[in-house]
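Below you'll find the structure, written out as structure tokens, and then a few comments.
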Amino acid sequence: MEASEPILIYRRWLPYWAVLQTDLRQTLRSWVYLLWVIVSVLAMGGYLLYRFGLHNEMGAEQKASIQTTDLFRWLIMGSLSLIVILTVSSISSERGTLADSVLSRGISRYQYFLAKLHSRCFVVLGTMTILCSIVFFCSYLLFKDDLSIEGGFKAILAICAVMLGIVSIGVTIGALTQSTVFGITVLWISLMALGILLKELPEAYLSPIKSLKQLESTLKGIGSIQIFQELFITSAIVTAVSTLLGMIVFSRKDV
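Numbering of the sequence shown is given in full-length UniProt numbering, commencing with residue 1 and proceeding in unit increments.
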């Protein structure tokens, strides 16, 4: 009996793995994801080459921390629109086949929701980590004057923490709305409202915006550890609450 328990658990989660693998393949081949990666790489490469050429030809002093901070912020803002589409469409775009997926394949709604959530988390966080790492190490090699390897690692973790919260909210909204367009609109309004709220909060309260404002000092290796702890706590709370809400409501929602 004891030997059969791991086998039963494995079989029980086989539908989860099947949906997770299928969604990963579909997402990585989608035009939205390919457009995101291609445009980001071309924009980052063009900017770095331009600044490096300007530095060599004109002798202009270019602080690596400033260059990298600008690129990180542009990467976040430029990627946000496509990340919103990727996350909201994870479930809402499959409304026509959702009943077949849940009923015919023997997968529970909890497993289906978690498979979609984990798939989009892997894609978004993995891609952002790779893109930000490329930006950092290219800046480190080209300019190198005031960058810290440890600071770059912390900055990338901070960006991924922010993205994790956005992905979890996006997948949850996609699971709760009937239309992808409506879900994207709701998510954008929610992000703007949340951004305004966090911006107006006193300094004593947890706010991811505080850590993003200190990216430059973080890249130098002099950022505050407390701010990052607050950011990770905030991201964990947002992710847990949105995931729990999405699982509960989606499990009771008609498909």
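Cβ atoms here follow ideal geometry from the backbone N, Cα and C, with glycine treated the same way. Bear in mind the structure is a predicted one, so any value in this text is a computation, not a measurement.
Inter-residue Cα distance where the pair is residue i and residue j
i: ALA240; j: ILE233; result: 11 Å
i: GLN178; j: SER92; result: 6 Å
i: CYS121; j: ALA43; result: 24 Å
i: ILE111; j: THR172; result: Note on identity: in this sequence residue 111 is Gln, with Ile being the wrong assignment. Whole-angstrom Cα-Cα distance: 14 Å.
i: ILE66; j: LEU194; result: 27 Å
i: GLN226; j: SER148; result: 18 Å
i: ALA161; j: LEU141; result: 26 Å
i: TYR50; j: LEU191; result: 33 Å
i: SER242; j: ILE248; result: 10 Å
i: TYR33; j: SER108; result: 27 Å
i: ALA158; j: VAL39; result: 23 Å
i: ILE237; j: LEU231; result: 10 Å
i: LEU125; j: LEU131; result: 10 Å
i: ILE134; j: ARG252; result: 43 Å
i: residue 285; j: LEU197; result: Outside the displayed span of the chain (1 to 255) sits residue 285, for which this structure offers no information.
i: ALA3; j: ALA115; result: Caution is warranted here: a pLDDT of 49 is assigned to ALA3, below 50, making its placement in the model unreliable, and no coordinate value can be reported.
i: TYR16; j: ILE189; result: 31 Å
Cβ neighbours of residue i in the same chain (closer than 7 Å, five flanking residues each side left out)
i: TRP36; result: SER79 and LEU82
i: THR41; result: Residue 41 is actually Val in this sequence, not Thr. Closer than 7 Å at Cβ, skipping near neighbours: no residue.
i: ALA175; result: ILE91, PHE113, GLY246 and PHE250
i: VAL88; result: GLY170, ILE173, GLY174, THR180, GLY183, ILE184 and LEU187
i: ASP145; result: LYS63 and ALA64
i: GLY45; result: none
Own chain partners of residue i with C-beta closer than 6 Å, once the 5 adjacent residues on each side are dropped
i: LEU164; result: SER235 and THR239
i: SER139; result: ALA64, GLN67 and THR68
Cβ-based neighbour list, residue i, same chain, cut-off 8 Å, excluding 5 preceding and 5 following
i: GLU150; result: GLY221
i: LEU24; result: SER119, PHE122 and VAL123
i: ILE13; result: The sequence as given places Trp at residue 13; Ile does not occur at that position. So the qualifying residues of the chain are GLN111.
Residue i - containing alpha helix (DSSP H), residue span
i: SER81; result: 64-92
i: PHE113; result: 109-142
i: THR239; result: 225-252
i: GLY151; result: 149-176
i: SER217; result: 215-219
i: ASP23; result: 14-29
Residue from the options whose Cα sits closest to the Cα of residue i
i: LEU244; options: SER168, LYS116, THR185 and ILE184; result: SER168
i: LEU117; options: VAL32, ILE166 and LEU197; result: ILE166
i: ILE85; options: THR185, GLN229 and SER65; result: THR185
i: TYR47; options: LEU75, SER89, VAL88 and TRP17; result: LEU75
i: ILE156; options: ILE107, TRP17, LEU215 and GLU230; result: LEU215
i: SER217; options: THR27, LEU14, ILE38 and THR68; result: THR68
i: PHE72; options: ARG252, PHE136 and PHE143; result: PHE136
i: PHE228; options: LYS154, ILE196 and MET128; result: LYS154
i: LEU28; options: THR127, PHE143 and PHE52; result: THR127
i: GLY53; options: GLN26, ALA18 and PHE143; result: PHE143
Interface flag, residue i vs chain D, CB-CB below 7 Å
i: ASP70; result: This model lacks chain D altogether, as it is built from one protein chain only.
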